[in-house]
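All residue numbers for the sequence shown refer to my numbering, where the first residue is 7 and numbers rise by one. A quick write-up on the structure given underneath.
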Amino acid sequence: METRNGVTKYIYNDKEYNSEDEMMDAIKKDFANFGPSGPTNTNQNTNHNTNQNTNQVDNSLANQISNRIWTNYYYEDDLRQGFPDMKRRIYQQTNNYRDLHGVPHLQVNHSLAYEAQQYAHQLAQTNNFAHDSRNRAKGWGENLAMGSPSIAHLAVKWWYDEIKAYDFSKPGFKSGTGHFTQLVWKNTRQVGCGVASNLKLVYVVYAIIKDIRKNLKRTAQKTLINNNQEDIPLRIKISRRIWANYNPKVDSKKGFFDMKRRIYLETNEFIKLHNVPILTINRNLAYEAQKQANYLA
């Protein structure tokens, strides 16, 4: 946004618009899942307390993950602290989606996060919603999102929803799926997130370090899992993830310590799906349970 001779111009992708509404219309044409036209819009309220549990659009696995992660998110509290909670949940949501595709979790690169935060501030100050031109030279990928305070937290969900347009039988880049592939690309390892607000709009900058530009066609099948197995029940996916690489023979020699740890973890993963408090371990109760197990054995 620039003001010249008393006239305010709104800038998006280096083009000038006479009003904010005109600029927003242009953005919506480029981003099908942008803001209020997106697939999981929430109603704005006075204190921006966003609890998606009351606004589930459908029962898809991606929506369940998003609903669980953003339950009890308080925008105004987070704004005052510089959005640490939003960024934490964004990282968590990304890795939950990557779990669906069997690819490694992303690790936070603090230098990258700093750069993303600086660019988010720049976007918020200028209202110029465009990618950072320096990314190509640095070899970084970047996802951007912009929305009103009540819906900006849905950025990762908007990006992931592009899975609907992705052709797993012909892996590789396809128009309208770039944000999705950035999230779940197997060779991606590090990420940094920046969030900034100018009180009217919230800008989310999601920068990643990746190596997918070379030999894309040859490596696409290897670097993006070709099936997210949406038809498999969520409970089975959770169980498979929790019990991956479990070795009962080794664990039996250690008193089944690992089995008990995974049982606690799996139980709380299921509990989270219902938006109720997780269980904590009572050592006395665990001792009595172990005594009973020994007796039964």
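Glycine included, each C-beta is placed from N, C-alpha and C at the ideal position. Being a predicted model, the structure only gives us computed values, none of them experimental.
The distance from the Cβ of tyrosine 212 to that of cysteine 199 is about 5 Å, consistent with a contact at the 8 Å cut-off.
Approximately 13 Å separates the beta-carbon atoms of alanine 136 and alanine 151; this is outside 8 Å, ruling out the contact. Excluding its 5 nearest sequence neighbours in each direction, tyrosine 97 has C-beta neighbours in its own chain below 8 Å: Leu112, Val114, Val197, Cys199, listed in chain order. Taking 8 Å as the cut-off, the beta carbon of alanine 202 is found no closer than this to the beta carbon of histidine 116. Counting every other CB atom within 10 Å of its CB across the protein chains shown gives proline 254 a total below 16, marking it as exposed.
Scanning its chain for C-beta atoms nearer than 6 Å, with the 5 sequence neighbours on each side dropped, one finds around glutamine 123 the residues Gly200, in chain order.
The alpha carbon of tyrosine 79 has as its nearest neighbour, out of Arg267, Lys93, Leu67, the alpha carbon of Lys93. Following the DSSP letters along the chain, one finds serine 203 in no alpha helix (DSSP H) but inside the beta strand (DSSP E) bounded by residues 196-203. Classified as buried, phenylalanine 186 has 16 or more neighbouring CB atoms from the shown chains inside 10 Å of its CB. The beta carbon of leucine 271 sits closer than 7 Å to the beta carbons of Ile248 from its chain, once the five residues preceding and following it are set aside; these are given in chain order.
Of the residues assessed, glycine 153 falls on the buried side of the cut-off, its CB having 16 or more other CB atoms within 10 angstroms. Boundaries of the beta strand (DSSP E) harbouring glutamate 148: 146-153, taken from the DSSP string.
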